[in-house]
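Enquirer:
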Amino acid sequence: MSARGKARRRALDILFEAEARGEDPLRVLAERLERKEPPVNEYTATLVEGVCRHRARIDELITTYAEGWTLDRMPAVDRNLLRGGTYELLWMPDVPEGVVISEWVGLASELSTDESPQFVNGLLARFKQLKPSLAL
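The sequence shown: position 65 = 65 (full-length UniProt numbering), numbered continuously.
So, in structure tokens, the structure goes:
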């Protein structure tokens, strides 16, 4: 797994853990940075901070375009996969869109249900298509 792939996985871990504990992801990130075990690299912090900064808009987009699914009905891991992937896809123009989608779909394949990779892929591909017209 690439360094950025590991960073995405750690960002997902932090977002998921924060939700499970009912805490602010920035607080969980700060705890992880302080502990230094496992190590948290700069890209992980960038992803978590970006998701937090744009969370309202990210959740609005997911809610709008996830046909037949509400955020509450999604598995928590899928919800956080989509948050991380949406942030990286829409707010980090230096990362190739195809790589972003592939990496987050890969995490869905590894960590979620059998249907999750197709769901994550479909929604992130839709955001890629709509990106020029989305008000961010």
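Beta carbons: idealized from backbone N, C-alpha and C, even for Gly.
How many angstroms separate the CA atom of residue 144 from the CA atom of Asn80?
Expert: Outside the displayed range of the chain (1 to 136) lies residue 144, so it cannot be described from this structure.
Enquirer: Can you list, in chain order, the residues of its chain with a C-beta nearer than 8 Å to that of Ala3? Leave out the 5 residues immediately preceding and following it.
Expert: Excluding positions up to five away in sequence, the list reads Asn41, Tyr43.
Enquirer: Give me the Cα-Cα distance between Phe119 and Glu60, rounded to the nearest whole angstrom.
Expert: Cα to Cα, the separation comes out at about 17 Å.
Enquirer: Taking the beta carbon of Glu103 as the centre, do at least 16 other beta carbons fall within 10 Å, making it buried, or is it exposed?
Expert: By the neighbour-count rule (16 or more Cβ atoms within 10 Å), Glu103 is buried.
Enquirer: When the Cα atoms are used, what is the spatial distance from Gly98 to Ser109?
Expert: Roughly 16 Å separates the two Cα atoms.
Enquirer: I'd like the list of long-range same chain contacts for Lys131, defined as Cβ closer than 7 Å, with 5 residues on each side in sequence excluded.
Expert: Once the five neighbours on either side are set aside, the close Cβ partners of Lys131 are Leu90.
Enquirer: Given Glu88, which residues of its chain have a CB within under 7 Å of its CB, disregarding the five upstream and five downstream residues?
Expert: The residues are Leu47, Val95, Val100.
Enquirer: Considering only C-alpha positions, which residue in the set Arg32, Leu111, Val77 is nearest to Ala20?
Expert: Nearest of Arg32, Leu111, Val77 to Ala20, Cα basis: Val77.
Enquirer: Quick one: measure Cβ to Cβ for Leu136 and Arg53, integer angstroms, because I've assumed they're closer than 8 Å.
Expert: Not confirmed; about 11 Å, so no contact.
Enquirer: Cα-Cα, which of Thr64, Glu23, Arg10 is closest to Lys36?
Expert: The shortest C-alpha separation from Lys36 is found at Arg10.
Enquirer: Please go through the same chain and pick out, in chain order, the residues whose beta-carbon is closer than 8 Å to the beta-carbon of Arg83, but skip the five residues on each side of it.
Expert: Cβ neighbours of Arg83 beyond the five flanking positions: Leu15, Val51, Arg55, Ile58, Asp59, Ile62.
Enquirer: Please report the distance separating the alpha-carbon of Thr113 from that of Ser133.
Expert: In a straight line, the C-alpha of Thr113 is about 31 Å away from that of Ser133.
Enquirer: Would DSSP call Lys131 helix, strand or coil?
Expert: Three-state DSSP puts Lys131 in a helix.
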